[in-house]
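Counting from 79, one number per residue, gives the positions in the sequence shown under the numbering used here.
Below: one structure, written as structure tokens.
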Amino acid sequence: MGRFLYLVVLNIAGALLGLIVGAVLLLVNGIFAQAIGWGLLIYGVFFILGVILAIWDPFGIG
79 MGRFLYLVVL
89 NIAGALLGLI
99 VGAVLLLVNG
109 IFAQAIGWGL
119 LIYGVFFILG
129 VILAIWDPFG
139 IG
């Protein structure tokens, strides 16, 4: 159950950060595809980090 926490927390954090970065880029540049691309890239990095931490469990939560 503890390892699942890594995935949940980092998925939510990545989604929120990706949404914020995407919205800011859309407001600044006005290029929709670039805003979506950067938002998905940030979300993907957080998702992969969550999977790695869930497998590795460096903090001993699981």
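By construction, the Cβ of each residue, glycine as well, lies at the ideal position given by its N, Cα and C atoms.
- Proximity of the segment 82-89 to the segment 117-127 meets the contact definition, three or more beta-carbon pairs being nearer than 8 Å.
- One alpha carbon belongs to residue 134, the other to residue 107, and they sit about 39 Å apart.
- Counting along the chain, the unbroken alpha helix (DSSP H) around residue 128 starts and ends at 110-134.
- When secondary structure is reduced to three states using DSSP, residue 98 falls in the helix class.
- In the three-state reduction of the DSSP assignment, residue 90 falls in the helix class.
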